[in-house]
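J.:
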């Protein structure tokens with residue numbers, strides 16, 4: 134009798150373990166776990182059900198106020214004062230859930246793998262929204278250069294991810310042979326003896342009568358010798374305001390490929406902080422360089438020996 | 002109380018031990034170790050917010066979700082043992098007041114352990130972090146509260162637990178300002194979760210009470226293992242059914258929304274503090290777990306020693322493994338959050354090799370010792 138009872142236990146046990154395993158691990162994933170990269174570089178975890186919700190992620194710098202078009206779409210962006218990075222998420226098969234609540238999370242991940250900003254978006258039943266938006270600041274105070282990502286979760290499951298890079302280097306708009314580009318060099322002064330630049334770099338100490346000078350070397354200038362180029366040099370302060378603007382018009386007969394500009398670095402005119410210099414062609418950013426103005430160190434008063 | 006059954010198995014405390022309780026408690030302790038190993042080795046914790054969890058794949062989900070059994074398991078086993086300990090003492094002739102005072106002291110000791118040892122061990126004792134409650138203090142407070150009703154019939158205790166479970170979702174609607182300390186302490190100690198405490202007492206106390214109710218069945222009323230298994234499964238099935246009804250209602254008793262029946266999000270309602278669905282679901286899961294260990298004890302009793310060992314000294318196992326991980330991983334930064342699921346399991350295996358001999362040693366010390374604090378652990 135006892136042996137018969139003993140024989141029953143494995144059956145009961147198998148059933149129990151199957152039930153418990155189903156409970157704790159069977160929470161079915163609705164996704165295929167092998168990611169699929171899409172043409173726009175969004176990594177998608179496709180739904181097992183072809184009618185399931187999926188998404189594309191588009192990153193861009195800003196919207197054109199007049200036309201509403203997205204400016205600087207891509208996955209490489211420059212860290213800049215008062216600059217944001219925007220994400221537009223286009224939902225596919227959203228109608229599968231029409232009339233039901235949908236829960237999304239957008240998670241921005243930094244180069245160390247840490248979440249830097251998370252946003253939960255619930256689309257309520259009856260809402261026909263099929264686009265999600267989120268943005269982060271990409272200012273030097275908040276971001277470091279590196280590999281970032283934005284992840285989209287649907288009901289807590291990862292459904293799409295996009296990798297992007299923030300860079301500290303001056304942005305040079307893509308350089309096909311026939312496009313104008315520029316190299317910006319910042320320096321303190323020029324040697325009177327040999328004409329060489331002194332104090333090249335991106336950090337300058339503020340002093341009376343001191344300046345920050347810029348040398349702009351245009352590349353591919355020869356490709357534009359048949360038209361008038363309207364260039365602007367903008368010096369931007371830590372508040373993001375342009376404190377000095379220089380307009381340069383290069384006519385077809387003008388073969389100049391070097392532009393110079395300078396601003397004061399005296400503590401009477403400037404405050405310490407992060408500045409930048411931008412070169413724009415027809416209001417399109419061609420090149421940019423960030424620099425820092427640091428306050429001069431206070432002179433310490435030495436006590437004389439008695 | 003004349004009908005209290007003889008404990009099964011041959012635990013070292015003789016008549017005072019129930020093998021399947023020890024084993025299940027050990028199993029829960031190992032799950033807890035797995036959760037902590039993940040916390041220290043698994044890179045998902047760089048961005049996983051336990052209050053609002055998101056998962057990149059099934060393995061990470063399953064790893065985290067398995068740990069959800071720990072707190073309900075500990076609370077229910079604690080409630081069961083409080084009930085057993087109290088009645089055993091009464092049967093032995095200990096005055097009621099003395100039996101209660103013993104349990105209150107243990108509860109206070111657990112709060113002390115939380116605030117001194119546990120809080121600081123997370124960071125490897127780099128800083129002394131007193132001002133925080135957690136699961137151990139929640140168990141301690143539950144223990145103290147349980148002494149007030151431990152003599153009641155199981156029907157009364159069940160009613161109390163059910164009332165708390167039903168009222169708790171309503172209490173969660175109380176608005177409070179966590180910037181005001183007395184409001185933060187009051188609300189987070191008893192009702193909701195936050196920086197001060199992720200394990201508010203009310204929902205967890207109700208599970209401890211349910212543990213004491215189940216103990217009445219396991220340790221007193223149901224005389225055979227078959228009866229224990231059958232009754233446990235029947236009760237668990239009822240609780241699962243109730244949980245599913247609550248969840249599918251998508252309203253009262255739910256906190257996080259879900260996409261559909263059987264999906265991750267269906268199972269993954271809020272843990273801090275648990276929703277009514279989660280309480281019902283994990284009450285049922287713990288009851289099934291105990292039934293499994295009763296059955297396993299009949300088939301492969303010797304294999305279960307790996308669970309019995311930590312299950313006999315659960316507080317020691319918890320406090321020491323956490324401190325070891327805190328010191329050797331968090332404090333030194335050695336492989337801290339650089340791995341994944343595999344590294345988590347390697348961490349568990351290594352820690353088990355370290356912890357099992359320590360638990361055997363401490364169990365011996367505890368049996369021989371008459372030191373007040375040693376016996377409290």
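Protein chains in written order, with the numbering used here: chain A, 134 to 439; chain B, 2 to 378.
All C-beta atoms, glycine included, are put in the ideal place defined by N, C-alpha and C.
(1) In three-state DSSP terms, what is residue 271 of chain A?
(2) Under 8 Å, CB to CB, which of the residues in the region 52–67 of chain B have a partner in chain A?
(3) What residues of chain A sit near residue 259 of chain B, judged by a beta carbon separation below 8 Å?
(4) Which residue wins for smallest C-alpha separation from residue 377 of chain A, given the options A:333, A:384, A:368?
(5) Just to confirm the assignment, what range does the beta strand (DSSP E) spanning residue 294 of chain A have?
(6) Sort A:289, A:221, A:344, A:234 by Cα distance to residue 271 of chain B and report the nearest one.
(7) Find the residues of chain A that neighbour residue 145 of chain B, judging by a C-beta separation of less than 8 Å, and give them in chain order.
(8) Please name the residues in the region 236–250 of chain A whose beta-carbon is closer than 8 Å to at least one beta-carbon of chain B, in chain order.
(9) Between the C-alpha atoms of residue 192 of chain B and residue 252 of chain A, what's the straight-line distance to the nearest angstrom?
(10) For the region 30–48 of chain B, which residues have a CB atom closer than 7 Å to at least one CB atom of chain E, in sequence order?
(11) What does residue 150 of chain A reach in chain B if we use C-beta pairs closer than 8 Å?
(12) DSSP three-state call for residue 219 of chain B: helix, strand or coil?
(13) State the CB to CB distance for the pair residue 285 of chain A and residue 204 of chain A, rounded to an integer number of angstroms; the pair is presumed to be in contact (CB under 8 Å).
(14) My understanding is that residue 277 of chain B touches residue 201 of chain B, with C-beta atoms under 8 Å, so please give their C-beta distance in whole angstroms.
(15) Taking Cβ to Cβ, would you say residue 108 of chain B is nearer than 8 Å to residue 145 of chain B?
(16) Less than 7 Å between C-beta atoms, sequence neighbours within five positions excluded: which residues of the same chain meet that for residue 197 of chain B?
(17) Could you tell me the alpha carbon to alpha carbon distance between residue 94 of chain B and residue 102 of chain B, rounded to whole angstroms?
(18) Taking the alpha-carbon positions, what's the residue 146 of chain A to residue 255 of chain B distance?
(19) Quick one: give me the first and last residue of the alpha helix (DSSP H) that residue 98 of chain B is part of.
(20) Distance check for residue 165 of chain A and residue 309 of chain A, CA to CA, integer angstroms please.
(21) Shortest alpha-carbon distance to residue 70 of chain B belongs to which of B:264, B:162, B:30?
(22) To which residues of the same chain is residue 244 of chain A closer than 7 Å at the C-beta, ignoring the five residues directly before and after it?
(23) For residue 219 of chain A, list the residues DSSP reports as bridge partners.
(24) Please check the pair residue 291 of chain A and residue 271 of chain A, which I expect to be a contact at CB under 8 Å, by giving their CB distance rounded to whole angstroms.
(25) Assign residue 46 of chain B to one of three DSSP states: helix, strand, or coil.
(26) In three-state terms, what does DSSP make of residue 287 of chain A?
(27) Could you give the uninterrupted runs of the beta strand (DSSP E) lying entirely in the region 319–357 of chain A, keeping only those of 3 residues or more?
(28) Please compile the residues from chain A whose C-beta is within a distance smaller than 8 Å of the C-beta of residue 171 of chain B.
(29) Can you give me the Cβ contacts of residue 111 of chain B inside the same chain, cut-off strictly under 8 Å, excluding the 5 residues immediately before and after it?
(30) Buried or exposed: residue 170 of chain A, going by 16 or more other Cβ atoms within 10 Å of its Cβ?
(31) Express the C-alpha separation of residue 37 of chain B and residue 148 of chain B in angstroms, rounding to a whole number.
(32) If distances are taken between C-alpha atoms only, which option among A:329, A:198, A:242 comes closest to residue 250 of chain A?
(33) What residue range does the beta strand (DSSP E) around residue 130 of chain B cover?
(34) For residue 62 of chain B and residue 340 of chain B, I'd like the C-alpha separation in whole angstroms.
(35) Taking only beta-carbon atoms, is residue 257 of chain A less than 8 Å away from chain B?
(36) Under a CB-based cut-off of 8 Å, is residue 234 of chain A close to chain B?
T.: Short version:
(1) coil
(2) 53, 54, 55, 56, 57, 58, 59, 62, 63, 66, 67
(3) 288
(4) A:368
(5) 290–300
(6) A:289
(7) Here the premise fails: no neighbours, minimum Cβ distance about 31 Å.
(8) 236, 238, 240, 242, 245, 246, 247, 248
(9) 26 Å
(10) Absent here is chain E; the protein component of the structure consists of chains A and B.
(11) 293
(12) helix
(13) Going by Cβ atoms, the distance from residue 285 of chain A to residue 204 of chain A rounds to 22 Å, so no, they are not a contact pair.
(14) Not quite, the Cβ-Cβ distance comes to about 14 Å (not below 8 Å), so this is no contact.
(15) yes
(16) 133, 134, 185, 186, 189
(17) 15 Å
(18) 31 Å
(19) 97–114
(20) Because residue 309 of chain A sits at a pLDDT of 49, beneath the cut-off of 50, its placement in the model cannot be relied upon, and the point is left open.
(21) B:30
(22) 277, 279, 280, 281
(23) A:193, A:268
(24) Their Cβ separation, rounded to whole angstroms, is 23 Å, which puts residue 291 of chain A and residue 271 of chain A out of contact at 8 Å.
(25) helix
(26) strand
(27) 336–338, 344–352
(28) Within 8 Å Cβ-Cβ: nothing; residue 171 of chain B doesn't reach chain A, min ~22 Å.
(29) 137, 138, 140, 141, 144, 316
(30) exposed
(31) 31 Å
(32) A:242
(33) Unbroken run through residue 130 of chain B: none, as it is neither H nor E.
(34) 15 Å
(35) no
(36) yes
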